[in-house]
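J.: Chains as they are written, first to last, in the working numbering: chain A, 1 to 506; chain B, 507 to 574. Don't be surprised by glycine CBs; every beta carbon is placed ideally from N, CA and C. Sending over a structure as structure tokens; questions will come in a sec.
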């Protein structure tokens, strides 16, 4: 009945030192995080993230992977003293994930907020490279908001959606796969090169499609699944699951980003509500994902298990029309304006894509990038395997406004923006006010010196005069909002006063 | 296909002398479209200025480790 839901976005940035492809990405990523944290006055040692409740090997299907049988890359809760890992005043986590700096946005409830705090991550990445560049003797480090190097490696942009535990996982899998296979036409970021190592010349809709190998699974780095079953709710586990979505591309354009999370939240809502009854399962979904991605003309068809043959747009229309009926049936939306915005833009983009793909330039990442590439091809007669087109694809996602090509288009007014630069700037330091991120981020701002560690579901204080650490669990994502604890946080003269206030029932 | 390679510059040469005589009475939609096309050319010109000059080396140097 609504687009509203607890959700958040994670972005792993590509990282490189110009002229030095062998530079150690883990070390560089650590520098990126540390330099930003230091400038903000935030401690960045490894112990500042509280891993007490983390359980990356728990599987949504109900069993737990044996630690011995896990690939080392799956053990995300192992502490490494060389890696920086911080909670920012906006409630986000900024840390080194394997060989990339990762920004995990604070929890938000609405798609516009998801885009706002995602773009704040890009601004923080930019500030980080600026700070590094200003260090004497430091080689410049560049960050890219993309998902592949075009040479066989991919790194993720993950979405997280809180769902009630009671929703049956098989229902989620059945109804979500056809949606995920086809939503790339709306929110794909576009890519030069076909195949994981760009062996084939050409352009495709998605950065990520070629890296997926299976339908359902726990892994994120090998045998990537369309539906990832990692089930760490970072919340009361009996009540919630966190759906961890790994199939999306990193978006730079607001409308595509808004639709990515907004339409997914609506589809999840329909699944939770039992509104989707028909089976739209696609035959051989992994192959379908890739054939759709490889056809920017949007004519590629997939076969449903019921025998119908459809384009990706047709399948998206099925979901849009189901959502429209669902919203008509249920008149209890607390965020009708936000829901209407998503529905209106979804319909507008699908309609435009059906009539004239290029009419989505400035709205949809893959179309906007394609328009630029086609401009170069037409002007200079470039074939798809020309290095200049591959260079445009990479430089497209550079976080620096003077170098990033999407930034150049934005500065020329060629993008349709929903979020203002002022909103992005504010979101770099201010948490969303309607989730526990308000408590987490404000604790870091007000009492940073006494915050011993923090995580999605806890803040641990080292209180002067106390021999033991004081842990404040924040297991309910909608508790700890500005309305609930804002006054207490601002009026507490010190941490001891804050803890006394939290312990006193209101 | 040499014929194709010649086609583009020839068309451009043809268009230039025509341009001043073209009546400015085109419908609004066409004007917008023409404006956008011109703008793309100037976008390309600007991007020429910021694009890494050695594209091949730049692309080769962008090597990432897997993530997630």
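Less than 6 Å between C-beta atoms, sequence neighbours within five positions excluded: which residues of the same chain meet that for residue 26/A?
T.: Working through the first chain from its first residue, we reach residue 26/A at position 26. The residues are 99.
J.: Alpha carbon to alpha carbon, how far is residue 244/A from residue 230/A? Give it in angstroms, no decimals.
T.: The residue you call residue 230/A lines up with position 230 of the first chain. The residue you call residue 244/A lines up with position 244 of the first chain. The alpha-carbon atoms of residue 230/A and residue 244/A are separated by roughly 6 Å.
J.: Determine the chain D residues that contact residue 92/A at a beta-carbon separation under 9 Å, and present them in chain order.
T.: Of the protein chains in this structure, namely A and B, none is chain D.
J.: Would residue 375/A count as contacting chain B if we go by Cβ distances under 7 Å?
T.: Along the first chain, read from residue 1 onward, the residue named residue 375/A stands at position 375. Taking Cβ atoms only, chain B reaches closer than 7 Å to residue 375/A, which makes this a yes.
J.: In the DSSP assignment, what are the bridge partners of residue 512/A?
T.: With chain A running from 1 to 506 in the structure shown, residue 512/A is simply not present.
J.: Just the C-alpha distance for residue 385/A and residue 573/B, rounded to the nearest angstrom, thanks.
T.: Numbered from its first residue, the first chain carries residue 385/A at position 385. Numbered from its first residue, the second chain carries residue 573/B at position 67. Distance between the alpha carbons of residue 385/A and residue 573/B is about 26 Å.
J.: At a CB distance below 7 Å, what residues from the segment 354-367 of chain A approach chain B? Give them in sequence order.
T.: none
J.: Buried or exposed: which applies to residue 270/A, given that a residue is buried once 16 or more other Cβ atoms fall within 10 Å of its Cβ?
T.: For the purposes of this step, residue 270/A is identified with residue 270 of the first chain, where counting begins at 1. Residue 270/A should be labelled buried.
J.: Which class does residue 282/A belong to by DSSP, given the choice of helix, strand or coil?
T.: As a working mapping, residue 282/A is identified with position 282 in the first chain. Correct three-state label for residue 282/A: strand.
J.: Would you kindly report the start and end of the unbroken beta strand (DSSP E) that includes residue 212/A?
T.: What you label residue 212/A is simply residue 212 of the first chain in a count that begins at 1. Per DSSP, residue 212/A belongs to the beta strand (DSSP E) from 212-217.
J.: If you draw a straight line from the C-alpha of residue 46/A to the C-alpha of residue 28/A, how long is it?
T.: Your numbering for residue 46/A matches position 46 in the first chain. Your numbering for residue 28/A matches position 28 in the first chain. The pLDDT assigned to residue 46/A is 48, lower than 50, so where the model puts this residue is not dependable; a value taken from the coordinates is nonetheless given after this. Computed Cα separation, rounded: 16 Å.
J.: Is residue 2/A close to chain B? Criterion is C-beta to C-beta, closer than 7 Å.
T.: The residue you call residue 2/A lines up with position 2 of the first chain. Chain B contact via Cβ: absent.
J.: Look up residue 201/A in the DSSP assignment and say whether it is helix, strand or coil.
T.: Stepping through the first chain from its first residue, residue 201/A is reached at position 201. In this structure, residue 201/A counts as strand in the three-state DSSP scheme.
J.: Which value, in whole angstroms, describes the spacing of the CA atoms of residue 21/A and residue 251/A?
T.: In the first chain, residue 21/A corresponds to position 21, counting from 1. In the first chain, residue 251/A corresponds to position 251, counting from 1. The alpha-carbon atoms of residue 21/A and residue 251/A are separated by roughly 25 Å.
J.: Using C-beta distances below 7 Å, list every residue in its chain close to residue 563/B, excluding the 5 sequence neighbours before and after it, in chain order.
T.: On the second chain, residue 563/B is found 57 positions in, with the first residue counted as 1. Nothing meets the Cβ criterion.
J.: Roughly how many angstroms separate the alpha carbons of residue 355/A and residue 472/A, rounded to a whole number?
T.: As a working note, residue 355/A is residue 355 in the first chain. As a working note, residue 472/A is residue 472 in the first chain. Approximately 54 Å between the Cα atoms of the pair.
J.: Please compile the residues from chain B whose C-beta is within a distance smaller than 8 Å of the C-beta of residue 156/A.
T.: The residue labelled residue 156/A in the question sits at position 156 within the first chain. Per Cβ cutoff of 8 Å: 573, 574.
J.: Could you round the C-beta distance between residue 158/A and residue 10/A to whole angstroms and report it? I think they count as a contact, below 8 Å.
T.: Mapped onto the first chain, residue 158/A falls at position 158. Mapped onto the first chain, residue 10/A falls at position 10. About 4 Å; that satisfies the 8 Å criterion.
J.: Across the segment 407-425 of chain A and the segment 449-469 of chain A, are there enough close Cβ pairs to call them in contact, namely three or more that are closer than 8 Å?
T.: Segments in contact, no.
J.: Does residue 149/A get closer than 7 Å to chain B when you measure Cβ to Cβ?
T.: For this step, residue 149/A is matched to residue 149 along the first chain. It does; some Cβ of chain B falls within 7 Å.
J.: Given a cut-off of 7 Å, decide if residue 247/A and residue 226/A are closer than it, judged by their beta-carbon atoms.
T.: Here residue 226/A corresponds to residue number 226 of the first chain, with the count starting at 1. Here residue 247/A corresponds to residue number 247 of the first chain, with the count starting at 1. Residue 247/A is positioned such that its CB atom lies closer than 7 Å to that of residue 226/A.
J.: Starting from the C-beta of residue 449/A, find all residues in its chain whose C-beta is less than 7 Å away, skip the five residues before and the five after it, and write them out in chain order.
T.: Taking the first residue of the first chain as position 1, residue 449/A is located at position 449. The answer is none, since no qualifying residue turns up.
J.: Mind checking if residue 555/B is an interface residue toward chain A, Cβ cutoff 7 Å exclusive?
T.: The residue labelled residue 555/B in the question sits at position 49 within the second chain. Not closer than 7 Å to any Cβ of chain A, the Cβ of residue 555/B fails to qualify, so no.
J.: Spell out whether any CB of chain B is found under 7 Å from the CB atom of residue 8/A.
T.: As a position in the first chain, residue 8/A is number 8, starting the count at 1. Using a CB distance cut-off of 7 Å, residue 8/A does not count as an interface residue toward chain B.
J.: Could you please give the first and the last residue of the uninterrupted beta strand (DSSP E) stretch that includes residue 302/A?
T.: Translated into positions along the first chain, residue 302/A becomes position 302. 301-303 is the extent of the beta strand (DSSP E) around residue 302/A.
J.: Let me check one thing: in DSSP terms, what residues is residue 255/A bridge-paired to?
T.: Here residue 255/A corresponds to residue number 255 of the first chain, with the count starting at 1. Beta-bridge analysis with DSSP links residue 255/A to no other residue.
J.: Any beta carbon of chain B sitting closer than 7 Å to that of residue 12/A?
T.: Start at 1 with the first residue of the first chain, and residue 12/A comes out as number 12. Interface with chain B (7 Å Cβ-Cβ cutoff): residue 12/A is included.
J.: Note the first and the last residue of the continuous alpha helix (DSSP H) segment covering residue 33/A.
T.: Position 33 of the first chain, counted from the start, is the residue given in the question as residue 33/A. Residues 25-40.
J.: Please compile the residues from chain B whose C-beta is within a distance smaller than 8 Å of the C-beta of residue 392/A.
T.: As a position in the first chain, residue 392/A is number 392, starting the count at 1. Residues of chain B passing the Cβ test: 553, 557.
J.: Do the CB positions of residue 132/A and residue 35/A come within less than 7 Å of each other?
T.: For the purposes of this step, residue 132/A is taken as the residue at position 132 of the first chain. For the purposes of this step, residue 35/A is taken as the residue at position 35 of the first chain. For residue 132/A and residue 35/A, yes; Cβs fall inside 7 Å.
J.: Based on the DSSP output, what are the partners of residue 226/A in its beta bridges?
T.: Indexing the first chain from 1 puts residue 226/A at position 226. Answer by DSSP bridge pairing: none, since residue 226/A is not bridged.
J.: Under DSSP, the beta strand (DSSP E) around residue 359/A begins and ends at which residues?
T.: Locating residue 359/A in the first chain gives position 359, where the first residue counts as 1. Where residue 359/A is concerned, there is no enclosing beta strand (DSSP E), given that its DSSP letter is neither H nor E.
J.: If residue 120/A sits next to residue 323/A, beta carbons under 8 Å apart, how far is it from one beta carbon to the other, in whole angstroms?
T.: The residue you call residue 120/A lines up with position 120 of the first chain. The residue you call residue 323/A lines up with position 323 of the first chain. Not really, about 28 Å apart at Cβ, beyond 8 Å.
J.: What would DSSP say about residue 370/A, mapped onto helix, strand or coil?
T.: The sequence position of residue 370/A within the first chain is 370, counting from 1. The answer is helix: DSSP assigns residue 370/A an H, G or I state.
J.: Assuming residue 8/A is part of the alpha helix (DSSP H), what are its boundary residues?
T.: Translated into the one-based positions of the first chain, residue 8/A becomes position 8. Segment 7-12 is the beta strand (DSSP E) holding residue 8/A; no alpha helix (DSSP H) there.
J.: Below 8 Å, can you find three or more Cβ-Cβ pairs linking the segment 84-91 of chain A to the segment 427-439 of chain A?
T.: yes
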